[in-house]
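2 protein chains.
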Amino acid sequence: MNIVAEGDTLNRMVEQNLDRVFRALADPTRRAILDRLAAGEATVGHLSEPFPLTFAAVSKHLGVLERAGLVTREARGRERVCRIDPAALDDARAWLEFHERFWAERLDALDALVRAGSGKPGGSR
Amino acid sequence: MNIVAEGDTLNRMVEQNLDRVFRALADPTRRAILDRLAAGEATVGHLSEPFPLTFAAVSKHLGVLERAGLVTREARGRERVCRIDPAALDDARAWLEFHERFWAERLDALDALVRAGSGKPGGSR
DNA sequence: GCAATAATTTACTCATTGGTTGAATATCGT
DNA sequence: ACGATATTCAACCAATGAGTAAATTATTGC
Chain E
15 MNIVAEGDTL NRMVEQNLDR VFRALADPTR RAILDRLAAG EATVGHLSEP FPLTFAAVSK
75 HLGVLERAGL VTREARGRER VCRIDPAALD DARAWLEFHE RFWAERLDAL DALVRAGSGK
135 PGGSR
Chain U
15 MNIVAEGDTL NRMVEQNLDR VFRALADPTR RAILDRLAAG EATVGHLSEP FPLTFAAVSK
75 HLGVLERAGL VTREARGRER VCRIDPAALD DARAWLEFHE RFWAERLDAL DALVRAGSGK
135 PGGSR
């Protein structure tokens with residue numbers, strides 16, 4: 015594994031990571047799986063219990079989550095125990111946080127302008 | 015518009031909102047559009063400039079962003095001026111923040127247990 | 001009124017996704 | 001060793017997504 019990557023490559027990697035993470039989070043079943051995993055590690059079978067889905071379907075969802083770096087599956091006997099890995103959320107949260115703050119600032123500025131100029135408050139947010 | 019919704023319905027609505035927002039963010043083109051919109055409002059034509067895409071493709075992306083509540087399109091003459099609406103990010107950021115914090119706590123607890131020398135972490139809490 | 005411009009809509013590809021079933025693989029208990 | 005259990009893999013299907021090109025709808029400027 016290369017620790018240091020060239021800028022462009024690194025950027026593309028981060029982009030792809032964001033793709034995968036946001037994509038993984040864009041499914042209610044997957045979010046529910048994460049919720050459940052937040053209560054503690056669990057096997058695939060245990061995880062599929064509450065869903066009206068096939069074992070295989072849940073296994074696939076876990077694959078998506080795993081490829082996004084959000085969970086890890088470790089073989090323990092004939093079972094696979096899954097646990098959460100919050101590190102992968104960092105990029106996503108950073109992206110969201112940065113943008114939200116940035117946008118909020120812009121809107122606040124706009125709001126101030128509008129309020130100072132005309133009598134019509136824009137009602138932002 | 016109904017201000018108060020029944021619990022289950024509300025929950026499903028939030029879920030769908032999360033679906034749409036995360037889905038919308040899971041595409042580099044759409045994120046780039048948001049980045050560009052963060053610098054100020056822009057027309058569809060202006061927005062599609064930097065991309066090697068059709069007008070129509072960008073229009074579609076904007077549709078996705080709009081349905082997710084992330085941008086608004088307002089007709090001004092024969093142009094549509096798009097601007098950002100960060101409010102829709104709230105749910106997503108809240109979800110992420112909550113889970114990240116929660117997971118971090120759990121992992122910290124696990125870490126402490128392991129460090130303390132207890133062999134079996136199992137069901138913490 | 002008419003040509004040019006801005007944007008959407010429609011109709012069509014092609015790839016991906018979420019789901020199924022059924023077979024394959026590996027491990028456990030006896 | 002054998003049957004049961006846990007999980008994945010492979011093949012398939014229906015639905016969706018991203019993209020294009022071409023037709024359509026407004027609107028501007030002359």
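For the record, the sequence lines run as chains E and U.
Count the first sequence with our numbering and you get residues 15 to 139, in order.
Count the second sequence with our numbering and you get residues 15 to 139, in order.
A virtual CB, placed ideally from N, CA and C, is assigned to each residue, including glycine.
Since the model is a prediction, treat every value here as computed from it, not as a measurement.
CB of residue i within 8 Å of CB of residue j, strictly
i	j	result
A53/U	R44/U	no
R81/E	R87/E	no
L79/E	L110/U	no
Contact set between residue i and chain U, taken where Cβ atoms lie within less than 8 Å
i	result
A52/E	H113, F116, W117, R120
N64/E	Contrary to the premise, residue 64/E reads as Pro rather than Asn in this sequence. Simply none; closest approach about 15 Å.
R92/E	Under the 8 Å cutoff, chain U gives no residues; its nearest Cβ is about 19 Å from R92/E.
Assigned secondary structure, residue i (DSSP; H/G/I helix, E/B strand, else coil)
i	result
A108/E	helix
R87/U	strand
R139/U	The pLDDT assigned to R139/U is 38, lower than 50, so where the model puts this residue is not dependable; a value taken from the coordinates is nonetheless given after this. In the structure shown, R139/U sits in coil (DSSP, three-state: anything other than H, G, I, E or B).
T68/U	coil
A38/E	helix
A56/U	strand
E119/E	helix
R94/E	strand
A46/U	helix
A82/U	coil
E63/U	coil
S73/U	helix
D33/E	helix
D99/E	coil
Straight-line Cα distance separating residue j from residue i
i	j	result
D22/E	R97/E	32 Å
P64/U	D99/E	36 Å
L24/E	A102/E	15 Å
V58/U	E114/U	36 Å
H75/E	H60/E	14 Å
S138/U	A56/E	Any reading at S138/U must be qualified, since the residue scores a pLDDT of 39, below 50, and its modelled position is unreliable; no value is offered.
A70/U	W117/E	26 Å
Cross-chain neighbours of residue i in chain U, by beta carbon under 7 Å
i	result
L39/E	F36
P42/E	E29, D33
I98/E	W117
L79/E	Ordered by position in chain U, no residue passes the 7 Å Cβ test against L79/E, which lies about 13 Å from the chain.
8 Å contact criterion, which residue i and residue j should meet: CB distance rounded
i	j	result
L84/E	V35/E	7 Å
D33/E	A40/U	6 Å
Proximal chain E residues relative to residue i, where beta-carbon distance stays under 7 Å
i	result
A106/U	L110
Residue i CB to nearest heavy atom of the ligand FAD below 7 Å
i	result
R45/E	Absence of the ligand FAD is noted for the structure shown, with no ligands found whatsoever.
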